[in-house]
Amino acid sequence: MEHKPEFQRYASPNEQRTISREDLGFYHGVVIGAIYEFDDAFDITCSQSFYPSVKQCVEEHPFMAVVVADRHTDKAYYQRVPTINLADHITVLDRCGGTGDLEAIADLLRSQLDRPFNHEIPPWRVVVQPLGSSRSCFVAFVFSHTILDGPSGYAFHRTFLKAAGPASRQIVTPSAITTPSTPLPPPFDTPSRLAISWSFLLAPLLAVLLPRFVANWLGLKAQASAVDQGTWTGGPCIFDRAVTRTKLVLGEIPPIPLEKALRISKENGSRLTGALHQLIVRALRKALADNLTVTNLISQTPINMRNAAGVAQNEMGEFASGVYAVHPLITPESCSGPLTEAEWTAARACSEQLAEASYRLQDQPIGLLRYVPSIRKWTAAKLGQARDSSYELSNVGVFDGMGDGVKVRKMVFAQPGMVVGSPLCINVASAKSGGLVYTITWATGALGVPESEEEPFVKGICQSIRQDFQSF
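Quick note: the sequence shown uses the working numbering, first residue 49, plus one each step.
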């Protein structure tokens, strides 16, 4: 008797947003990866070595056993597959030769971010890159945003790390495994959980209908962000399936300057993410020094809503919302040296705004998606339009990487360049007692500069951020 996929539930509005975006070809694989150091008994060149740990992840996390059906509609739904063939999901690459570890990792990321998933099987894969050391490898968990958010990648690695100890190596795990019958948890963005007030719901509509001076006087905005004529938003949203690609620059802040930045941020009442925003604003100010029409930047910061929802940090799924913030541009002369008192004030305000939003369920922007008649049409209609922000800063936090006979030395986070989102994505991750690894990703044409100038533009931003970390 043939075992068919079992219906689980329909996608929520925010899940539908990620599904429509991917089905339109705008966005593919998110990568949360880690550099693991195993003992000599573990063969990092053999894919079967990773079967027990990945099997444990499938058994603990129901979303790793689902596929998405009717992706081309506004009524997509999840189905659980009865079996998974681990050989279809795990790949071990040849050991990198002639390049450093970070260069090899950057090459792997570039190869995975735009690679479509086979949606006949659950949309995730594990790609292993053995590194220079005989015991060290980069384990990339590549997954579709249609099933998981960024912090879900940390949940994968927590489970993987716990299961990767010597005890699991005594167990022979077959390639074909049966998935558990654990049902999917309910979606996060339900009306009962994310209440929307009338003022929050009507403000965008009134901002469009009322005269501009009246809307400004009442403090109404036409969208979640506050883009105006002076906001830099890169180029318009464009997509050409033949030429649009994700571009990536990867860098690292070493442990010593990172630790100093954390300490000084705390002394100034700020979290690191708040201070990072100031460094990015500085870097963009330098990059846009010749653009005299730019007066401000709009940032978008994804926030992890698991605490507000009463959900464990190790639960996989979609538990994200977002916060927009306005950053007035400072003078180019102020873009060097330690952060000024005004910048620390802005960093504190940003940190407080993010903390408040991450514990508030009412009037979250993603709650408005349930009022969109067709999320697929709404997503597609963004093509040709101006973007709603200048950059996205996504920090998945610190990973505690000590296990039994294995440890995690570095964490890496990357996502595709946004076709219909921010022109720049700054993606940040770190391991406990390690450095901070960042990637900056963008889609071809998103920056509003000639393609030949895109990488120098981004590398200038990276250089500015590195210099400012040395100034803490």
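C-beta: ideal position from N, C-alpha, C; glycine also.
Owing to the predicted nature of the structure, the values given are computational and were not obtained by experimental measurement.
Under 7 Å Cβ to Cβ from residue i, same chain only, skipping five residues before and after it: list those, please.
i: A335; result: F505, G508, I509
i: Q127; result: P53, E54, F55, Q56, V114, V115, A117
i: L266; result: With a pLDDT of 41 at L266, under the threshold of 50, the predicted position of this residue should be treated as unreliable, though the coordinate-derived value follows. Same-chain partners within the cutoff: there are none.
i: C285; result: K430, L431, G432, Q433, R435, V467, V468
i: T121; result: none
i: V374; result: A274, N344, I346
i: T227; result: V106, A113, R128, V129, P130, T131, I132
i: D71; result: R119, H120
i: A397; result: none
i: G482; result: P303, R457, K458
i: C185; result: Y84, I92, V176, Q177, P178, L179
Please identify the residue among the options whose C-alpha is closest to the C-alpha of residue i.
i: G282; options: L242, R435, A82; result: R435
i: S382; options: Q412, A429, L327, E501; result: L327
i: P222; options: N475, P164, T131, S229; result: T131
i: S369; options: D338, L387, L409, I378; result: L409
i: K44; options: H51, N362, L320, S437; result: As shown, the chain starts at 49 and ends at 520. That puts residue 44 outside it, with no answer to give.
i: P235; options: M364, G469, N166; result: M364
i: S518; options: I312, V78, P110; result: It is Gln, not Ser, that sits at residue 518 in the sequence shown. Answer by Cα proximity: I312.
i: A243; options: S437, Y372, L417, V102; result: L417
i: T343; options: V275, E389, L232, P233; result: V275
i: T109; options: V485, S200, V79; result: Sequence inspection shows His at residue 109; the Thr mentioned does not correspond to that position. Checking every option, the nearest Cα to that of H109 belongs to S200.
i: T194; options: G77, V460, S216, Q177; result: G77
i: V460; options: M353, P214, L472, Y486; result: Y486
i: I225; options: S399, H137, L332; result: H137
i: I67; options: A154, K123, E168, S97; result: K123
i: F111; options: F520, A203, G415; result: A203
i: A135; options: R173, I301, G415; result: R173
i: R333; options: R289, S406, Y439; result: Y439
i: T341; options: V454, G278, G198; result: G278
i: P376; options: R330, F367, F74, R354; result: R330
i: D155; options: Y125, L495, V297, S470; result: V297
i: C94; options: Y125, F74, F287, D142; result: D142
i: N355; options: S406, E400, I301; result: S406
i: G299; options: A462, F367, N339, F86; result: A462
i: V497; options: A290, D338, S97, L310; result: D338
i: Q64; options: T238, T292, A491; result: T238
Would you list the residues sitting across from residue i in a DSSP beta bridge?
i: P284; result: Per DSSP, none; premise fails for P284.
i: N133; result: A224
i: M450; result: K455
i: H375; result: L345
i: T321; result: According to DSSP, which records beta bridges pairwise, T321 is partnered with nothing at all.
i: C473; result: E440, T489
i: Q177; result: F186
i: V460; result: G81
i: L298; result: T487
i: I169; result: Answer is none; I169 lacks a bridge partner.
i: T279; result: N344
i: P350; result: G370
i: R128; result: E54, V114
i: I92; result: DSSP lists no partner for I92.
i: S478; result: V446, L484
i: V140; result: V176
i: S384; result: In the DSSP output, where bridge partners are listed per residue, S384 has none listed.
i: S192; result: G77
i: F86; result: V454
Return the chain-ordered list of same chain residues with a C-beta closer than 6 Å to the C-beta of residue i, the five sequence neighbours on each side being excluded.
i: L258; result: Per-residue confidence for L258 stands at a pLDDT of 45, beneath the threshold of 50, marking its modelled position as unreliable; the derived number appears in the next sentence. Around L258: no qualifying Cβ.
i: A323; result: S313, A395
i: T379; result: none
i: I219; result: P100
i: N316; result: W392
i: R229; result: Here residue 229 turns out to be Ser, not Arg, going by the sequence shown. Same-chain partners within the cutoff: there are none.
i: N166; result: none
So, under 8 Å CB-CB, residue i and residue j are touching, yes? Tell me the CB distance rounded to an integer number of Å.
i: D448; j: K480; result: 5 Å
i: A82; j: H205; result: 5 Å
i: V476; j: S512; result: Rounded, the Cβ-Cβ distance is 16 Å, inconsistent with contact.
i: K308; j: T489; result: That belief does not hold up - the Cβ atoms of K308 and T489 are roughly 27 Å apart, past 8 Å.
i: V444; j: I80; result: 7 Å
i: L484; j: L306; result: 5 Å
i: G493; j: E501; result: That belief does not hold up - the Cβ atoms of G493 and E501 are roughly 12 Å apart, past 8 Å.
i: R241; j: A357; result: 7 Å
Here's a check: name, in chain order, each residue in its chain whose Cβ is nearer than 8 Å to the Cβ of residue i, leaving out the five neighbours to either side.
i: L402; result: R319, T321, G322, T349, I351, V371
i: V420; result: P61, W426
i: Q104; result: T207, F208, K210, A211, S216
i: R260; result: Low local confidence applies: a pLDDT of 47 at R260 is under 50, so the model's placement there is unreliable, with the coordinate-based value given in what follows. Taken in chain order, the list of residues that qualify is empty.
i: G213; result: G451, D452, G453, V454
Segment contact flag, the stretch 179-188 with the stretch 142-156, C-beta cutoff 8 Å, min 3 pairs | yes
Touch check for the stretch 426-433 and the stretch 182-197: three-plus C-beta pairs under 8 Å?
-> no
Taking contact to mean at least 3 C-beta pairs separated by less than 8 Å, is the stretch 233-247 in contact with the stretch 393-411?
-> yes
Answer yes if the stretch 151-162 comes into contact with the stretch 88-100, meaning at least three C-beta pairs across the two stretches below 8 Å, and no otherwise.
-> no
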